[in-house]
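Read in numbering that gives the first Met the number 0, the sequence shown has 36 at position 37, and its numbers run on one by one without any break.
In what follows, a single structure is set out as structure tokens and then discussed.
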Amino acid sequence: MVKVHFLGHAAFYIKGSKRVLIDPFLSGNPQAAVKPEGIDADLILITHAHGDHIGDAVEIAKRTGAKIVAMFDVANYLNQQANGQVETIGMNYGPTEIEGVGIVQVPAWHSSSDGIHGIGNASGFIVKLDGRTVYHAGDTFVFSDMALFSELYGPIDVALLPIGGHFTMGPREAAKAVELLRPKKAVPMHYNTWPPISADPEEFKRLVGEKAEVVILKPGEELEL
Ligand code: NI
Ligand code: MN
């Protein structure tokens, strides 16, 4: 059994035979369901270099020995931030397997920087663990290549999709993403953390309709796959 635990904003913790933490922005996250000291992981996946996605990755990796997986440039940046005290695995768009976890880094339409200087490119991840497939879209706008993700790597058990608008898709675009991805379930994320990304998850649910089961998780809640 695989559990997908929503930690707030874009932070998710996937628990099965391995523990995969994605975008662990916990310190300074008004929605955070756990403190960075309260989490353990085997792998930490980072979708892009923005602070609300890197979050506490370096600190958690230092304490737990978790390996950080990210785009080559983002991985090097984090290794430098940690003065080489963490293990980073740089990759790029494409499939790989790390510690028995299938990982496909896929494109996302977004920027990736320290706020000023570009660092790699933005991405999403398709994670295959214990026979389940989870797609974390990262920060992105909708794009028709999402149809390829389900064609190549589907069926997707759950798609974690940003709906907050302003920096990413809003509910309307995210509902279109569901149409392209054809996941069994969809979980909205990256909304209501701050005023610019206010969104109504019920609107997303309404727009998705019968196309997938929309599961609205509050920070701290989890979904069983
Ligand atoms: Ni971002
Ligand atoms: Mn973001």
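Note that beta-carbon positions come from the ideal geometry of N, C-alpha and C, so glycine has one too.
Between valine 3 and leucine 44, the CB-CB gap reaches or exceeds 8 Å. Beta-bridge annotation (DSSP): tryptophan 108 is paired with Phe140.
The Cβ-Cβ distance between leucine 224 and aspartate 156 falls below 8 Å. With a cutoff of 8 Å on beta-carbon distance, proline 154 and lysine 183 are scored as near each other.
Closest in C-alpha terms to serine 16, from the list Val68, Leu160, Gly219 and Gly101, comes Gly101. Phenylalanine 148 is not a Cβ neighbour of proline 170, given a cutoff of 8 Å. Minimum Cα-Cα distance from glycine 99 among the listed residues Val126, Ala107, Gly89 and Ala136 corresponds to Val126. Rounded to the nearest angstrom, the gap between the Cα atoms of phenylalanine 142 and glutamine 104 is 16 Å. The closest CA to that of proline 195, considering only Ser26, Phe124, His165 and Gly83, is found on His165.
Bridge pairing for glycine 7: Ala10 [DSSP]. Taking non-hydrogen atoms of the ligand NI into account, the C-beta of phenylalanine 71 is found less than 7 Å away from none of them. Out of Leu6, Tyr12 and Asn28, the CA that lies nearest to the CA of tryptophan 193 is found in Asn28. Taking a 10 Å sphere around the C-beta of serine 197, we find fewer than 16 other C-beta atoms and assign the residue as exposed. Between the C-alpha atoms of arginine 131 and isoleucine 97 there is a straight-line separation of about 16 Å. About 6 Å separates the CB atoms of valine 214 and leucine 222; that is less than 8 Å, so the two are in contact.
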